[in-house]
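Remarks on the structure that follows.
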Amino acid sequence: MTMRRFFITVAALCVGTAVSAETLRLSHSYTEDDTRHRWAEKIAELVDEKTDGAVTVEIFPNQQLFKAREQYNGLVQNRIDLAIYPLPWLSGRAPLAEIGALPGVVSEPADGLEWRSREIWPMLQEAVAETGVTLAGGGFAMGTIGNTGEPILLPEDMDGHKMRGLGRATEAMMMANGATITSLPASEIYQALQTGVLSGVLTIYSSFEGYNLQEVVDHMLIGKGFVGAMHGLLAAPGLEDKIGTEHYEAVLSAVEESEAWFVEAAAAEQADIAAAFEAAGVTVHRLDDDQAAAWQADAEDNAWSYFRENVPNGDAALEALTTPLSN
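With mature numbering (1 follows the signal peptide of the UniProt record, and there is no 0) as the guide, the letters of the sequence shown map in order to residues -21 to -1, 1 to 306.
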């Protein structure tokens, strides 16, 4: 081989390597100090490791590419490859996704890890796939209640309160206990509590912190909870064709491995936020076993009945939560 042909061959190999390397676009709507952003960073790190650098992940936080809910359209159109997206936001297209904010199905982030080994997981994957995207993984951020006035320690304490919920099932539970519901964007919760439009709110811990609700609530429930918000790691329909099956499987493996990291990070964030609220003068109330059992029973009586009545195959989904996957 002549020297000239040698250099041409090497150059061609280098070009081929460069072309085969792929950068995936991962979008989310959270700030860079949010645990969900750090989850995205962990996924990127694991993808790089598992593909030996052949696939990298570029993260676009804080709605840089799409508004929060518009990320779904970005995925369907293959304009982004991955997104961290609250699963209940898909409930208009896939009613089963409402289970991602159903009271009584998780009490701490670790409970969500068990879903992969239960019949609920393939049910959710199938439901999400019918919307045109792939459920590659997920994790729970826990929610809790903060309020003004007398503390809400038991479901019946919501009687007479003006509440904002975390989804339709939580709102059904609140109304069954005598609360009135005010629906408004999360960005308006602070002002609504400040002006009395709301007297209580059920939302995730990071929203309590992100919207500085320690300035406008008197009380906060802490400890093991009764409701979480499942955040799905969604993948675009064209992802496997883009990077090939081998690398696609590596991405799925990275996402699954990252879930345990997110569980620990979410639990730590929850404890940190509770401590910060207490330091800011909010009276925190750690649920005891009897109180937690009362919330669980009320969730099953009211939120689950709403779910059964309004979600096709809702009964089967609830049963699937505790049914191990068959081999």
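Positions of the beta carbon are idealized from the N, C-alpha and C atoms, including for glycine.
If you draw a straight line from the Cα of Ala214 to the Cα of Ser166, it comes to about 27 Å. Gly128 has its alpha-carbon roughly 44 Å from the corresponding atom of Ala23.
Its chain contains Ala(-1) as the residues whose beta carbon lies nearer than 8 Å to that of Gly32, once the 5 sequence neighbours on both sides are disregarded; these appear in chain order.
Per DSSP, the continuous beta strand (DSSP E) segment holding Tyr64 begins and ends at Leu61 to Pro65. DSSP, read as helix, strand or coil, puts Pro134 in helix. The three-state secondary structure of Thr10, taken from DSSP, is coil. With a threshold of 16 other beta carbon atoms within 10 Å, Ala272 falls short and is exposed. Under a 10 Å Cβ-count criterion, Gly207 is classified as buried, with 16 or more other Cβ atoms of the shown protein chains found around its own Cβ. In the same chain as Gly211, and ignoring 5 residues on each side of it, the C-beta atoms closer than 6 Å to its own belong to Tyr64, Leu66, Leu114 and Gly117, in chain order. Per DSSP, the continuous beta strand (DSSP E) segment holding His210 begins and ends at Gly207 to Ala214. For Glu228, the uninterrupted alpha helix (DSSP H) segment begins and ends at Thr224 to Ala258.
Assignment of Arg97 by DSSP, reduced to helix, strand and coil, places it in the strand class. Comparing alpha-carbon positions, the option among Leu192, Leu133 and Glu28 lying closest to Ala253 turns out to be Leu192. Check the Cα spacing between Trp18 and each of Ile38, Thr2, Thr110 and Tyr285: the tightest is with Ile38. The three-state secondary structure of Ala299, taken from DSSP, is helix. Burial state of Asp277 is buried, judged by a 10 Å Cβ sphere holding 16 or more other Cβ atoms.
For Phe119, the secondary structure class from DSSP, reduced to helix, strand or coil, is strand. When the alpha-carbon of Thr302 is set against those of Glu279, Ala47 and Glu93, the nearest one is in Glu93. In this structure Gly83 is not in contact with Glu225, their Cβ atoms being roughly 40 Å apart against a cut-off of 8 Å.
Look at Thr149 here: in three-state DSSP terms it is helix. In chain order, Ala(-1), Glu1, Thr2, Leu3, Ala23, Val26 and Asp27 place their CB closer than 8 Å to the CB of Thr35, counting only its own chain and leaving out the 5 sequence neighbours on each side. By the Cβ neighbour-count rule, Asp13 is buried, with 16 or more other Cβ atoms within 10 Å of its own.
At least 8 Å separates the beta-carbon of His264 from that of Leu181. Remark: C-beta atoms of Asn41 and Glu20 do not approach each other more closely than 8 Å. Under the three-state reduction of DSSP, Glu1 is assigned to strand. Between the alpha carbons of Arg48 and Val195 lies a gap of roughly 27 Å. With 16 or more other Cβ atoms from the protein chains shown falling within 10 Å of its own Cβ, Leu69 counts as buried. Note that the stretch 75 to 82 touches the stretch 286 to 293; at least 3 beta-carbon pairs, one per stretch, sit closer than 8 Å. With a 10 Å radius around the Cβ and a threshold of 16 neighbouring Cβ atoms, Thr123 comes out buried. In this structure Asn52 is exposed. Its beta-carbon is surrounded by fewer than 16 other beta-carbon atoms within 10 angstroms.
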